[in-house]
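Read in order, the letters of the sequence shown are residues -6 to 435 in our numbering.
Virtual Cβ for every residue (Gly too), placed ideally from N, Cα, C.
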Amino acid sequence: MKKDEIIQRARKTLGIHDLNPMQQALAADNGRETILLAPTGSGKTLAFDIPLLLSIRQGAQGPQAVILAPSRELVVQIAAVTRPLALPMRVVPLYGGHSMTDETRSLEASPAIIVATPGRLLDHANRGTVDLSRVKTLVIDEYDKQLELGFHDQMRRLVRKMTAVNRMILTSATPLEEIPDWLKLRSPRVHDFTERNVAPQGHLDYYEMHSPSPDKLDSLKSLLASFPADKRSIVFVNHRESAERVHQALTKAGFHAALYHGALDQLQREIAVDRLNNGSAPVLVATDLAARGLDIADVDAIIHYHLPLQSETFTHRNGRTARQGADGEVYIITSDKDDRPQWLDEGITYRSVGDLPAAGRCPQTPRLTTLYFNAGRREKISRGDIAGYLIHKGQLAPDEVGVITVKDHCALAAVPRDKVMSLVATLQPHRLKNQRVRVSEL
């Protein structure tokens, strides 16, 4: 592929106008060893995609490039960015919780690029369902996070299987203290964007809300009830059990909220993020698993229901908002029983949230809701198929169809909430691409 073609596709599919300085630096780097130091949300996926795609040769047999990522969510996000840039070459994501049968079938079609968690890719390599001996380009994304999660040995074993690698790119949010011998890096070129704004940073306003009770639910409800219906927020808690309790309380009170934590399966977590992104569930209750590596667009507010235990966690949580030049708000809810760390006040001036509605006030209802289809990519269903189905069979106007997301065996579409009941009834007798599908509201 040619560089201009990749950039043109990025403009069309990612909605960017020009490459930022970091992306320009990687596009011009034709070295064999590269280390990119950059924060989350800075556009680093496109940055390493450009040199990776320039190295791909159409028609070659076997995987030519591998991208290792520390989490399922990040694998899905990277694959979604890379896939339209790489066409007609195939991009296959591999991660735990995904169907091993589906993944094996995808590998049989000889993808050019594999995006995977280390453990899942090593599992395939050991089973013999993938041959890594022809891989030329290796990207290890969020290398610092992978070490933190204990993937050191799995990455080492994978690198030993990739005997033909002649281009390696490591990304990290923090400077690397040491590089292991098994990576065999001799003189890597380091691009350090940790101290520079590679994309315009929006302004953050900080607010503090005092809860008269150690149980902060009433304070949280009052705060959320003061928000407009389309204001997207993430409520961070410190434990899974707390996430379940807060989510249940908000839902019972009439808030349209989604839930995100590590005990949920992968599809449940993906759908929660999709509902936040498409505007049908403007509140996401989450543990710190959602603080890094998620593709969440246009988050307006971060709410610290529980104070974070570390300053780095506070930074990562807040990094979910004020991205790509947008402004954002950060709220901390405190009580007299909170052990307030000193770093929470360093360099920050908190405003008061002022008068809020009572906790019992009914929250505003978002305009959109989400339809669930029990067929997806594996059933040969595309976003265009879903849009046509909703317009031609469901009688929606084109501008009434919101964000559509297609997964392996299901699809989601945002539609007007006030039309959803009649829409489901209207669609019921009609086939989608000659298939019987079940359509329901989430």
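Of the candidates 299, 274, 357, 274 places its Cα closest to the Cα of residue 435. A distance below 7 Å separates the beta carbons of residue 226 and residue 294. If you draw a straight line from the Cα of residue 214 to the Cα of residue 324, it is about 13 Å long.
By the neighbour-count definition (other C-beta atoms within 10 Å, threshold 16), residue 387 is a buried residue.
Nearest C-alpha to residue 349 among 221, -2, 418: 221. If you keep only unbroken alpha helix (DSSP H) runs of at least 4 residues inside the region 273 to 353, you get 304 to 311. Per DSSP, residue 82 lies in no alpha helix (DSSP H) segment and is marked neither H nor E. Secondary structure at residue 93: helix, using DSSP grouped into helix, strand and coil.
For the pair residue 398 and residue 389, the CB atoms are not nearer than the 7 Å cut-off. Excluding five sequence positions before and after residue 156, the CB atoms of its chain that fall closer than 6 Å to its own CB belong to 126, given in chain order. For residue 174, the closest of 270, 287, 12, 148 by C-alpha to C-alpha distance is 148. C-alpha of residue 7 to C-alpha of residue 207: approximately 43 Å in a straight line. Membership of residue 228 in the beta strand (DSSP E) is indicated by the continuous run 226 to 229. A check of alpha carbon separations from residue 120 across 93, 223, 162 identifies 93 as the nearest. Counting only the Cα atoms, residue 163 lies some 12 Å from residue 19. A direct Cα-Cα distance of roughly 16 Å separates residue 403 from residue 362. Distance from the Cα of residue 365 is smallest, within the candidate group 332, 423, 431, for 431. Annotated three-state conformation of residue 411 is helix, per DSSP. Taking 4 residues as the shortest admissible run, the region 351 to 382 contains the following complete alpha helix (DSSP H) segments, listed from N- to C-terminal end: 376 to 381.
For residue 120, the enclosing alpha helix (DSSP H) covers residues 111 to 120.
Proximity of the region 235 to 253 to the region 369 to 380 falls short of the contact definition, fewer than three beta-carbon pairs being nearer than 8 Å. When C-beta atoms of the region 327 to 344 are compared with those of the region 299 to 318, three or more pairs fall below 8 Å, so the two segments count as touching.
Residue 216 is not a Cβ neighbour of residue 26, given a cutoff of 7 Å.
Within the region -5 to 32, the complete alpha helix (DSSP H) segments at least 4 residues long are -4 to 7, 14 to 21, listed from N- to C-terminus. Shown here, residue 49 sits in coil according to DSSP, grouped into three states, outside any helix or strand. As the crow flies, the alpha-carbon of residue 422 is around 13 Å from that of residue 385. Distances from the alpha-carbon of residue 128 to those of 58, 224, 16 put 58 closest.
Per DSSP, reduced to three states, the secondary structure at residue 54 is coil, with no helix or strand assignment. In chain order, 55 place their CB closer than 6 Å to the CB of residue 124, counting only its own chain and leaving out the 5 sequence neighbours on each side. Between residue 251 and residue 287, the CB-CB gap reaches or exceeds 7 Å.
In this structure, the alpha-carbon of residue 373 lies about 12 Å from that of residue 367. Nearest to residue 14 by alpha-carbon distance, out of 39, 114, -1, is 39. A straight line joining the alpha-carbon of residue 358 with that of residue 231 spans about 27 Å. With a cutoff of 7 Å on beta-carbon distance, residue 68 and residue 122 are scored as not near each other. Within a 10 Å sphere around the beta-carbon of residue 249 sit 16 or more other beta-carbons, which makes this residue buried. Here residue 414 is exposed. Its C-beta has fewer than 16 other C-beta atoms within 10 Å.
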